[in-house]
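> Attaching a single structure in structure tokens format; questions to follow.
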Amino acid sequence: MSVLSGSSILVTGATGSFGRAFLRHALAELDPQRVVVFSRDELKQYEVRQQFGDDPRLRFFIGDIRDRVRLARAMHGIDHVVHAAALKQVDTAEYNPSEYVATNVDGSQNVIDAAIDAGVQRVVALSTDKASSPINLYGATKLVADKLFVAGNHYAAHHPTRLAVVRYGNVMGSRGSVVPLFRRLNAEGKSLPITDKRMTRFWITLDAAVRFVVDSFDVMQGGELFVPRIPSMRILDLVEAVAPDAPTHEVGMRPGEKLHEEMIAGDDSRRTLRFPDRYVVQPVVASWGYQTPPGGTPVEDGFNYRSDNNDLWLGVEEMRELLR
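What follows is the structure, encoded as structure tokens:
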């Protein structure tokens with residue numbers, strides 16, 4: 349049984365791809381007392397209500413994580429928080445940096461402060477592979493958010509609240525995934541745009557991402573950065589899986605885009621433990637009683653976890669099966 353079972357849960361950004369998948373899992377598997385859907389888009393909340401019907405366990409709060417007062421109201425009586433709200437488009441961030449700072453950085457601090465003040469027990473924030481050694485504004489804001497959530501445990505040391513971070517790569521089937529685009533263009537008989545034929549990416553399904561977050565609630569002490577051990581894929585293999593023999597053309601990488609993604613930087617290796625299903629990057633300084641979890645193996649010095657040096661890979665047939 350999960351620590352989330354039977355509890356009151358708030359999900360920021362709950363109308364996004366991850367949020368909807370989490371709601372589906374929570375209502376089916378966790379028997380929550382209530383789940384608060386916190387998001388700023390009334391249309392998407394309407395769509396969620398249509399999707400899940402009149403489940404009495406769902407509560408809907410229109411609000412923005414930039415508004416700490418609204419967050420404080422929504423967190424009244426909440427046991428656990430999943431922080432999934434963020435602005436996420438890499439190229440859009442390069443043109444609108446202040447907006448991304450306001451949501452991803454200042455908004456994350458608001459979530460932390462509201463959770464501590466409300467006596468929330470556990471908070472897990474969703475990060476991204478782009479937060480490791482960031483070269484774009486989006487990744488930089490998410491790295492700052494990661495640091496804020498880890499450091500938040502210092503301020504919560506004498507309170508019940510503990511905070512941790514989950515970082516993973518591209519999510520198969522999420523909004524913004526290239527798969528629907530490839531399928532549509534292929535159906536129209538058009539050439540598929542490839543940013544760079546050498547490109548590799550980490551890959552995880554929505555259901556696997558949700559399960560990993562739920563499991564992280566169960567094992568967290570506060571201050572950890574949890575990274576799942578997931579496979580990589582080559583962009584050309586993805587094209588073959590989605591649209592065999594389709595013509596392609598290279599369009600070049602977008603502003604701020606990487607050729608290969610990274611989830612753990614080499615400089616973090618001395619604090620990283622390997623477990624069968626995940627890596628755990630431990631906090632630099634821990635004043636709240638954090639203890640090294642048993643069963644982990646320290647990674648070698650200088651280890652970095654990148655999509656091109658991964659020991660797990662998806663082949664064409666495996667991707668084709670997952671996409672079905």
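If you read the sequence shown in my numbering, its first letter stands for residue 349, the second for the next number, and so on.
Even for Gly, the Cβ is constructed at its ideal location relative to N, Cα and C.
Since the structure is predicted, the reported quantities are computational estimates derived from the model, not experimental observations.
1. Which residue's Cα is closest to the Cα of residue 586: 652, 645, 669?
2. Can you name, in chain order, every residue of its own chain whose Cβ lies under 7 angstroms from the Cβ of residue 589, other than the five neighbours on each side?
3. Output needed for residue 508: all residues of its chain with C-beta closer than 7 angstroms, excluding positions within five of it in sequence on either side, in chain order.
4. Just to confirm, is the Cβ distance from residue 517 to residue 610 under 7 angstroms?
5. Check whether the Cβ atoms of residue 505 and residue 635 lie closer than 7 angstroms to each other.
6. Please state the DSSP three-state secondary structure of residue 597.
7. If you count every other CB in all the chains shown that lies within 10 Å of the CB of residue 424, and 16 or more means buried, which is it?
8. Would you report the Cα separation of residue 637 and residue 631, rounded to the nearest angstrom?
9. Spell out the partners DSSP gives residue 551 in its beta bridges.
10. Take the Cβ of residue 480 as the centre, count every other Cβ of all protein chains shown within 10 Å, and call the residue buried at 16 or more, exposed below.
11. Is residue 574 near residue 647, with beta carbons less than 7 angstroms apart?
12. If you count every other CB in all the chains shown that lies within 10 Å of the CB of residue 595, and 16 or more means buried, which is it?
13. Is the distance from the Cβ of residue 405 to the Cβ of residue 445 below 7 angstroms?
14. Going by alpha carbons, who is nearest to residue 612 out of 407, 605, 368, 627?
15. Could you tell me whether the segment 523 to 536 touches the segment 473 to 489, where touching means 3 or more Cβ pairs closer than 8 angstroms?
16. Does the distance between the C-beta of residue 353 and the nearest non-hydrogen atom of the ligand GDP fall short of 6 angstroms?
17. Using 7 angstroms as the threshold, is the C-beta distance between residue 351 and residue 565 below it?
18. Could you name the residues of the same chain whose beta carbon sits closer than 8 angstroms to that of residue 542, not counting the 5 residues immediately before and after it, in chain order?
19. Skipping 5 residues on each side, what residues in its chain have a beta carbon closer than 8 angstroms to that of residue 639?
20. Are residue 511 and residue 453 close, meaning C-beta to C-beta below 7 angstroms?
21. CA-CA distance, residue 389 and residue 410?
22. If you reduce the DSSP assignment to three classes, tell me which class residue 410 lands in.
23. With H, G and I counted as helix, E and B as strand and the rest as coil, what does DSSP make of residue 632?
24. I believe residue 368 touches residue 393 by the beta-carbon criterion, under 8 angstroms. Please report the beta-carbon distance rounded to the nearest angstrom.
25. What separation, rounded to the nearest whole angstrom, lies between the Cα atoms of residue 617 and residue 395?
26. For residue 421 and residue 458, I'd like the C-alpha separation in whole angstroms.
27. In whole angstroms, what is the alpha-carbon distance linking residue 641 and residue 563?
28. Determine the DSSP secondary structure at residue 456, reduced to helix, strand or coil.
29. Can you tell me whether residue 638 is helix, strand or coil according to DSSP?
In this structure, then:
1. For the purposes of this step, residue 586 is identified with residue 238 of the sequence shown, where counting begins at 1. Per the Cα distances, 669.
2. Taking the sequence shown and counting its residues from 1, one reaches residue 589 at position 241. Only 664, 667, 668, 671 meet the Cβ criterion.
3. Translated into positions along the sequence shown, residue 508 becomes position 160. Excluding sequence positions up to five before and after residue 508, its CB lies within less than 7 angstroms of the CB of 467, 469, all in the same chain and listed in chain order.
4. As a position in the sequence shown, residue 517 is number 169, starting the count at 1. As a position in the sequence shown, residue 610 is number 262, starting the count at 1. Taking 7 angstroms as the Cβ cut-off, residue 517 and residue 610 do not qualify as a contacting pair.
5. Counting from one through the sequence shown, the residue named residue 505 turns up at place 157. Counting from one through the sequence shown, the residue named residue 635 turns up at place 287. Going by C-beta atoms, residue 505 is nearer than 7 angstroms to residue 635.
6. On the sequence shown, position 249 is the one that residue 597 refers to. Residue state, collapsed to three classes: strand.
7. Here residue 424 is taken as the residue at index 76 of the sequence shown, counted from 1. Looking at its Cβ environment, which holds fewer than 16 other Cβ atoms inside 10 Å, residue 424 is exposed.
8. Position 289 of the sequence shown, counted from the start, is the residue given in the question as residue 637. Position 283 of the sequence shown, counted from the start, is the residue given in the question as residue 631. Distance between the alpha carbons of residue 637 and residue 631: 11 angstroms.
9. Sequence index remark: in the sequence shown, residue 551 carries index 203 (1-based). Bridge partners of residue 551: 518.
10. As a first step, residue 480 must be located in the sequence shown, where it is residue number 132. Classification of residue 480: buried, given that the 10 Å Cβ count is 16 or more.
11. Reading the sequence shown from its first residue, position 226 is the one you call residue 574. Reading the sequence shown from its first residue, position 299 is the one you call residue 647. No, they are not a contact pair.
12. Looking up residue 595 in the sequence shown gives position 247. Exposed is the call here.
13. Position 57 of the sequence shown, counting from 1, holds the residue named residue 405. Position 97 of the sequence shown, counting from 1, holds the residue named residue 445. For residue 405 and residue 445, no; Cβs fall outside 7 angstroms.
14. The residue you call residue 612 lines up with position 264 of the sequence shown. Closest by alpha carbon: 627.
15. no
16. The ligand GDP is not among the ligands present in this structure, which contains no ligands whatsoever.
17. By one-based count along the sequence shown, residue 351 stands at place 3. By one-based count along the sequence shown, residue 565 stands at place 217. Cβ atoms of residue 351 and residue 565: closer than 7 angstroms.
18. Your numbering for residue 542 matches position 194 in the sequence shown. Within the same chain, residue 542 has close Cβ partners 583, 584, 587, 596, 597, 598, 599.
19. Here the question's residue 639 lines up with position 291 in the sequence shown. Excluding residues within five positions, the ones whose Cβ falls inside 8 angstroms are 569.
20. As a working note, residue 511 is residue 163 in the sequence shown. As a working note, residue 453 is residue 105 in the sequence shown. Contact flag unset, no.
21. As a position in the sequence shown, residue 389 is number 41, starting the count at 1. As a position in the sequence shown, residue 410 is number 62, starting the count at 1. Near 7 angstroms, if we compare the C-alpha coordinates of residue 410 and residue 389.
22. Taking the first residue of the sequence shown as 1, we reach residue 410 at position 62. Three-state result, residue 410: strand.
23. What you label residue 632 is simply residue 284 of the sequence shown in a count that begins at 1. Judged by DSSP in its simplified three-state form, residue 632 adopts coil rather than helix or strand.
24. Taking the first residue of the sequence shown as 1, we reach residue 368 at position 20. Taking the first residue of the sequence shown as 1, we reach residue 393 at position 45. Not confirmed; about 11 angstroms, so no contact.
25. By one-based count along the sequence shown, residue 617 stands at place 269. By one-based count along the sequence shown, residue 395 stands at place 47. So the alpha carbons of these two residues sit roughly 43 angstroms apart.
26. Taking the first residue of the sequence shown as 1, we reach residue 421 at position 73. Taking the first residue of the sequence shown as 1, we reach residue 458 at position 110. Each residue's alpha carbon lies about 12 angstroms from the other.
27. For the purposes of this step, residue 641 is taken as residue 293 along the sequence shown, with counting starting at 1. For the purposes of this step, residue 563 is taken as residue 215 along the sequence shown, with counting starting at 1. In a straight line, the C-alpha of residue 641 is about 15 angstroms away from that of residue 563.
28. On the sequence shown, position 108 is the one that residue 456 refers to. In this structure, residue 456 counts as helix in the three-state DSSP scheme.
29. What you label residue 638 is simply residue 290 of the sequence shown in a count that begins at 1. Coil, per DSSP.
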